[in-house]
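Down below is the structure, laid out as structure tokens.
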Amino acid sequence: MALQTSGSLCLLILVHVVGTTSANVETLAKDVRVMYYLINHNPGGSYYAAIILTNNGTSSIDHSGDWSLYVCHENLIEFKRFDSDTGEYEFPTRRGGFSLSHIEGCMYKFTPDPNSFGTINPGRSRYITFLTSASITGKYDIFPNFYIANTTNSAKVIQNTKADLSREFVGPFQNLFQYTRNPPRDPILPVSLSNRYSGLVKNIYPKTTQGDIIPTPRMKYESPQKKVYMNSTWKIDSRNDARISVLMEYFTSTLDMTETTTPLLHNVILLQLKAAPAVENYHEWYNITISADHSYVHIVGNTTHGLLNGFQTVLHLIEKEEHPKLGRQLAVPQMKIVDSPRFQYRGLQLDTASNFINMTTLKKLLHVMAFLKLNKLQLLLANDYGVRLEITTMSHFHTVGSTRCHDEAEESCLFSQLGSDPSGNGLGSGYYTAKEYIELLSIAKRLHIEIIPMWSFDRNMRASEIAMRAYSKATNDNTMNWSLPTLDKTSQLKPNLFRLGKVDPCAVETERFIRNIISTIKSYHAEAGYPLKTFGVGGEDTDVEAWLDKCNARNKTNNLKHPYIRRKVQFSQMLSKVATDNDLVINAYDNMFTAFPNKCLDPNDCPNWFVPFNISKWYPKNFRFTVTHRDPRVMFLTRLHMRPSNTTNITAMDIETKLRTFKKNGYKSIISMHDIHDLSIKEEPGPHVPGDMPYGKAPIPLEDIYGTWPEAMCCSKYACPTSGPGGYRFTHNQPPPVCIEDPTDQGPLGMQATITTTKVLDEDYLFQLLFPRLIAFAERAWHRASWENTVKRPLKNMTEAEIEERKDFLKFKAILGAKILPKLDMFKVSYYLAPPGAILKNATADENDPDRTVSWLTDYPGFIAQVKTDFMADFEDIVDSKVYRGMVLEFRTRNNDSSRFSRVERMSTLHPDPYASEHRAIMHNFTRSPALTFPIQLMFGHISDPTGQLSFTITDNLPLFYDTDFQRYFNRTGFLAFRERKPMLLAQQQLQIAIVEQYRWERQLRLLAASMANQSVSGQGLNSTSQNQVATSNRDIFRNTQL
49 MALQTSGSLC LLILVHVVGT TSANVETLAK DVRVMYYLIN HNPGGSYYAA IILTNNGTSS
109 IDHSGDWSLY VCHENLIEFK RFDSDTGEYE FPTRRGGFSL SHIEGCMYKF TPDPNSFGTI
169 NPGRSRYITF LTSASITGKY DIFPNFYIAN TTNSAKVIQN TKADLSREFV GPFQNLFQYT
229 RNPPRDPILP VSLSNRYSGL VKNIYPKTTQ GDIIPTPRMK YESPQKKVYM NSTWKIDSRN
289 DARISVLMEY FTSTLDMTET TTPLLHNVIL LQLKAAPAVE NYHEWYNITI SADHSYVHIV
349 GNTTHGLLNG FQTVLHLIEK EEHPKLGRQL AVPQMKIVDS PRFQYRGLQL DTASNFINMT
409 TLKKLLHVMA FLKLNKLQLL LANDYGVRLE ITTMSHFHTV GSTRCHDEAE ESCLFSQLGS
469 DPSGNGLGSG YYTAKEYIEL LSIAKRLHIE IIPMWSFDRN MRASEIAMRA YSKATNDNTM
529 NWSLPTLDKT SQLKPNLFRL GKVDPCAVET ERFIRNIIST IKSYHAEAGY PLKTFGVGGE
589 DTDVEAWLDK CNARNKTNNL KHPYIRRKVQ FSQMLSKVAT DNDLVINAYD NMFTAFPNKC
649 LDPNDCPNWF VPFNISKWYP KNFRFTVTHR DPRVMFLTRL HMRPSNTTNI TAMDIETKLR
709 TFKKNGYKSI ISMHDIHDLS IKEEPGPHVP GDMPYGKAPI PLEDIYGTWP EAMCCSKYAC
769 PTSGPGGYRF THNQPPPVCI EDPTDQGPLG MQATITTTKV LDEDYLFQLL FPRLIAFAER
829 AWHRASWENT VKRPLKNMTE AEIEERKDFL KFKAILGAKI LPKLDMFKVS YYLAPPGAIL
889 KNATADENDP DRTVSWLTDY PGFIAQVKTD FMADFEDIVD SKVYRGMVLE FRTRNNDSSR
949 FSRVERMSTL HPDPYASEHR AIMHNFTRSP ALTFPIQLMF GHISDPTGQL SFTITDNLPL
1009 FYDTDFQRYF NRTGFLAFRE RKPMLLAQQQ LQIAIVEQYR WERQLRLLAA SMANQSVSGQ
1069 GLNSTSQNQV ATSNRDIFRN TQL
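Numbered by our numbering, the letters in the sequence shown go through residues 49 to 1091 in order.
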């Protein structure tokens, strides 16, 4: 069975390129140069690419010897030939003299074919060209560390790809077929300089004050004309309250002040614990009074967490200013703030398992999260790609599970994935020791951030399973080994092309393993003095056949009514027992507690799809848990599309959203919308923009996150669901009845952003994905905006809400540019900074004159645009009205102190917006010509591959033909068939038009007759003027009918 997947899949390509001895591996890794080149995307979700091998050595390379090249590839190569049942190709697949075979996951091998490989002579190149599923959207979709190895397991990374985080080995994205995923009509084009300018020129940013902070406080009273100036002579006074002592080291070190044991009234930051009024989430309530007259800052909190929130607010307010007498001082405005958060849960889920995140980066992230008043960090510590925490009770377990190297047997490590270094050091490998994890907990405790460990106890346990096999082999302890090697070759492939790692619900060893992991991590928290409260267990569904096969293998009967759902309930019951025994809250994706979310074997079960399990029936009374919703506003009615039968008997539940249904069943929900809160997705389109953008997904810009309505059960921003199964967008001024919210509903427990690190290889990349979007997330998690209550009674006009939201968003961006991003520079956080918007203007009346002036704008006020021309040695700040000469101008954005710069974008004076102009030209030619020529055809349209493998035959489905009458696309075969049917289709089309016109004409006549009848009844004596008006009206009606 051929697997045609559009999801992101990793492949690692092996290509034997070694001489006769293992020493040749090192020589070839030095001599061979690799380029990965995207040729073109195809309509419908596929693309052609080439791996280009260039021999930079002095000797020819032939097929002799055992040699292989390993490459981590994002999507499935030659997916039309791939058999998902066997995990192999259905018949021999050769490209460029190499034979393709699949190993596992992202591992693929190209083996030199003795009959067709020939030689790669010095200075010559070899193209390995192939068809691939889905799409790529930029250079960061290609993984580094292509490496050469032989059968003796000697492996060396090809030098020009070694830890190449900037992806210099990836070919340029130069045309529409490369940077759009569905050419030629993909609406998502990269953002050009001129296009960015046209979007920014509409923005009118309000003026900010020193009292403006993010997140926005509940109440604020500011006197900007008065300021308090602080320096190192100031003291911090806790009034010797022992409860506050846990915060004093952080406070004093951050502001470079000392604590006083003597009460002070001036030049002091006074900290005080005091009961909070009856406000939302009062345990984090705080009150700040800053007095210029008395020269003090008074922070009152209900708890030490409230005091910490108040202190972070003071850090937001502080600006360095020059005092006329005292010199450079820390200044804060005189003001009063009363504040508490809207949500008690404001979190980030960070995947440290797919790629390891080092301790330095985690510590920095914790401090920035505290600065933004985020209070939960869920660390994914184990999934298919790695185990990242030392488990002291199991030797060998974490050392094998955390290391990725070149070992196909996976006895000493996991086989290399995601661009890992095959040596087992560097990229892809690493774990937190117990000591490091305890240190991390100590920092989080001081910052009042709850660390929530997460271990995938679901279908993503491959790394745990391989590590468990290694532990059992080394110790002969099989009491926790749930693995069944007999199913290794028969289990279904998962979307990431792994077979291993599906949890076994029928094995007692599974429960023992889970208990051991949880109890060990719980002991770390106890040692840190920060007790474990919540544990994440994942919740991704395992395919039905895998669970039934595992239970059969253990002689557990499946002769039950609905066996899969029964096993699922039993597994969740086991987790509930483990949780209650350890006095923990379990967090899981909502899949964990729902019936048949993705497959229905029995049509009678289908009406129960998505129905949450009954809490009181299946779980202990003291079981505490939360569910994370990644699609909380999915209409339950969409499941009617999945039913093979029995689509009648629709109940009220069928038109509910997932979030509301779970809440009605007593579940506590956390919102983590995959189309809003997944920060792994690009912020904007473009081949040089960090982030992922799988086929069918759109970028997630800053404003989308800022404009979320987290408490609306079925609406996001001004898009609400319809009452039907066709979708959930509704853009009229009033929402449908199903979307009206109950104003008394408490809403979700909170919000959680998430980031997957499959493509995160360093700190800069991680932080560019997180910031500044995590700041917008923090704002929405803390502060409830006035325009959010649109779908709660009394209803607001949606147009007014949109205007209010846009106004607030511009204020938010102004604060970002003026205050927050400069403070991130102090944290040394590499936030994403886009190039400026710019347009060129003729300096003279002569359009051919190369002299231009530049108008520019940046995303954030206070940031500066820079330019460099053909005649300039370096960048300089753009000067208004200055003449710049050159055919190509380069632009970038810098921050206020020139410590950070955006990427460089080029603009030609001939084509200021190359993306849009090329798109217009191609579409113009396309509508005038019956067929569109793709770049792949230009490469292989006339000559065969020099290896004799006829690579050009992979273009059989091209060119793309287009019919202007019906505006449809065809391949060659489809177009020939369509041409035969076209006369009949045109006749049918003309008949339909005639029927519609006849209907319109009859309708006009009925309206005319009704109008004349009404007039004759209402008045018998029309004067001459009114009669003329009626006659004129009648003529107009007939004239319109004819038209």
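Don't be surprised by glycine CBs; every beta carbon is placed ideally from N, CA and C.
Excluding residues up to 5 positions away in sequence, Met-278, Leu-378, Ala-379, Val-380 lie with their Cβ nearer than 8 Å to the Cβ of Ile-366 in the same chain.
Counting the other Cβ atoms within 10 Å of the Cβ of Met-935 gives fewer than 16, which makes it exposed.
In this model, Gly-739 and Lys-730 are separated by some 4 Å (Cα to Cα). Where Arg-854 is concerned, the enclosing alpha helix (DSSP H) starts and stops at 846-863. If you look at Lys-268, you'll find it in the beta strand (DSSP E) that goes 267-278. Leu-1034 sits exposed, since fewer than 16 C-beta atoms from the chains shown fall within 10 Å of its C-beta.
For Phe-710, the closest C-alpha among the options Gly-798, Phe-641, Asp-1011 is that of Phe-641. Put simply, of Ser-504, Pro-680, Glu-307, Glu-557 the residue whose alpha carbon is nearest the alpha carbon of Trp-530 is Glu-557. When the Cα atoms are used, Ala-849 and Glu-938 turn out to be separated by approximately 39 Å.
By the CB criterion at 8 Å, Thr-756 and Ile-724 fall inside the cutoff.
Closest in C-alpha terms to Lys-384, from the list Ile-261, Ala-457, Arg-547, comes Ile-261.
Under the three-state reduction of DSSP output, Cys-599 falls in the helix class. Annotated three-state conformation of Asp-726 is strand, per DSSP. Distance from the CA of Gln-618 to the CA of Pro-553, rounded to the nearest whole angstrom, comes to 8 Å. Using a C-beta cut-off of 8 Å, the region 806-816 makes no contact with the region 246-258, since fewer than three inter-stretch Cβ pairs fall below that distance. The alpha-carbon separation between Phe-463 and Gln-914 amounts to approximately 45 Å. The Cβ atoms of Ala-430 and Ser-504 sit closer than 8 Å to each other.
Ranked by Cα distance from Asn-943, the options Leu-869, Arg-976, Lys-876 are led by Leu-869.
Going by DSSP, Lys-412 is part of no beta strand (DSSP E) but of the alpha helix (DSSP H) stretching over 407-419. Ile-718 places its beta carbon less than 8 Å from that of Met-799. As the crow flies, the alpha-carbon of Gly-734 is around 36 Å from that of Leu-437.
Taking each of Met-502, Ala-601, Glu-484 in turn and checking the Cα distance to Ser-539, the smallest one comes out for Ala-601.
For Tyr-743 against Pro-238, the beta-carbon gap comes to about 17 Å, at or over 8 Å, which does not count as contact. With a contact defined as Cβ atoms closer than 8 Å, Arg-390 and Asn-423 miss out at about 13 Å.
Non-local beta-carbon contacts of Gly-219 in its own chain, meaning distances under 7 Å to residues more than five positions away in sequence, involve Met-83, Tyr-84, Tyr-85, Leu-86 in chain order. With 16 or more neighbouring CB atoms inside 10 Å of its own CB, Phe-982 falls in the buried class. Rounded to the nearest angstrom, the gap between the Cα atoms of Met-267 and Phe-191 is 48 Å. Annotation for Trp-904: the continuous beta strand (DSSP E) segment containing it runs 899-905.
Between the alpha carbons of Asp-873 and Phe-911 lies a gap of roughly 13 Å. Annotated three-state conformation of His-342 is coil, per DSSP. The beta-carbon separation of Asn-630 and Gly-587, rounded to 18 Å, does not stay under the 8 Å limit for a contact. Taking a C-beta distance under 8 Å as the contact criterion, Arg-229 and Thr-257 do not qualify as a contact pair. In this chain, the beta strand (DSSP E) harbouring Arg-376 covers 375-387.
Here Gln-382 is buried: its Cβ has 16 or more other Cβ atoms, across all protein chains shown, within 10 Å. If you look at His-89, you'll find it isn't in any alpha helix (DSSP H); it sits in the beta strand (DSSP E) that goes 80-90.
With fewer than 16 other Cβ atoms from the protein chains shown falling within 10 Å of its own Cβ, Val-931 counts as exposed.
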